[in-house]
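Working notes, structure below.
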Amino acid sequence: MLGFLGVVLVAYVVPGPDFLVVVRSATEHPGKGRAAALGAQSGLCAHMLAAGIGLSLIAARTPVVYAAIKLAGAAYLVHLGVRAVLAARRLRAGRETARAIRSPTARDDASRGRWRSGFAQGFLTNVLNPKAALFFLSVLPQFVDGGGSTTRQIFLLGTLDVLVGVAYWFALVAVAARLRALLDRPKIRRRWELTTGWLFIAIGFGVAAGAA
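When we follow our numbering, the leftmost residue of the sequence shown carries the number 318, and every step to the right adds one.
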């Protein structure tokens, strides 16, 4: 069990698409960051369910399906990156302020909008990441006891993975949210949007190249 926890923690600590989505969302608003974290973990639950009933194995062994999932994930990451770059350009043109991009309004509809946006970004980024599915197919089975129900153990270990992730992401959100005061400065916000945007785009093209 300790070995499994160690592998899980390393997987979370190494930055990836989920990390970038959660951090960027948290710097816009802590609530959006938490929503992105819950979205990412919900995507992980979808992978766990797919692995438990055999869908992930079928997808992994079907090159066309696997490549299609990778390309869809790559396209979504590029989409997020383009949105961030365009936001940075609007800042430079003076059509938006840093605070406007973050939309820290107290209105209920804006709050719900932030939550839906953050959750959707976290969920889609994770569920369209084949590496998350491969974790349940290649890494997690190494910690399954052959004497018990494989499916049950996959769900138990997967649930532990999800819970550890929620705790880690929420702690990361608390840290990232402290950057909001610094990012109130339009110049810094613009550089942040450009940096995260091009990172999303680079990761997206990297994923697409791997699917070719």
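Here a beta-carbon is modelled for each residue, glycine too, at the ideal position from N, C-alpha and C.
Alpha-carbon to alpha-carbon, residue j and residue i
{"i": "Ala392", "j": "Phe487", "result": "27 Å"}
{"i": "Pro347", "j": "Asn443", "result": "19 Å"}
{"i": "Pro332", "j": "Leu403", "result": "24 Å"}
{"i": "Leu473", "j": "Leu499", "result": "41 Å"}
{"i": "His396", "j": "Phe436", "result": "16 Å"}
{"i": "Val330", "j": "Arg497", "result": "22 Å"}
{"i": "Ala410", "j": "Asp501", "result": "16 Å"}
{"i": "Tyr383", "j": "Gly439", "result": "20 Å"}
{"i": "Gly323", "j": "Ala376", "result": "27 Å"}
{"i": "Ala525", "j": "Lys504", "result": "32 Å"}
Contacting residues, own chain, Cβ-Cβ under 8 Å from residue i (five flanking each side not counted)
{"i": "Ala368", "result": "Leu374, Ala450, Phe453, Leu454, Leu457, Ile471, Gly475"}
{"i": "Arg431", "result": "Glu345, His346, Gly348, Lys349, Ala352, Ser420"}
{"i": "Cys362", "result": "Gly475, Val479"}
Buried versus exposed, by CB contacts within 10 Å (16 or more), residue i
{"i": "Gly360", "result": "buried"}
{"i": "Ile386", "result": "buried"}
{"i": "Gly356", "result": "buried"}
{"i": "Thr513", "result": "buried"}
{"i": "Val327", "result": "exposed"}
{"i": "Ala537", "result": "This structure gives no information on residue 537, because the portion of the chain shown stretches from 318 to 529."}
{"i": "Val338", "result": "buried"}
Sequence-distant residues of its chain with Cβ nearer than 6 Å to residue i (five each side left out)
{"i": "Val340", "result": "Ala493"}
{"i": "Gly521", "result": "Ala391, Leu394, Val395"}
{"i": "Ala343", "result": "Gly350, Val490, Ala493, Ala494"}
Pick from the options that is closest to residue i, judged by C-alpha positions
{"i": "Arg469", "options": "Leu366, Val338, Leu355", "result": "Leu366"}
{"i": "Thr379", "options": "Pro447, Thr344, Thr512", "result": "Pro447"}
{"i": "Gly398", "options": "Val524, Leu516, Ala525, Ala526", "result": "Leu516"}
{"i": "Pro334", "options": "Ala519, Gly527, Ala526", "result": "Ala519"}
Sequence-distant residues of its chain with Cβ nearer than 7 Å to residue i (five each side left out)
{"i": "Phe321", "result": "Phe460, Leu474"}
{"i": "Ser428", "result": "Gly348"}
{"i": "Gly527", "result": "Lys387"}
Unbroken stretches of the beta strand (DSSP E), 3 residues or longer, contained in the stretch 490-525 | The stretch 490-525 contains no whole beta strand (DSSP E) run of 3 or more residues.
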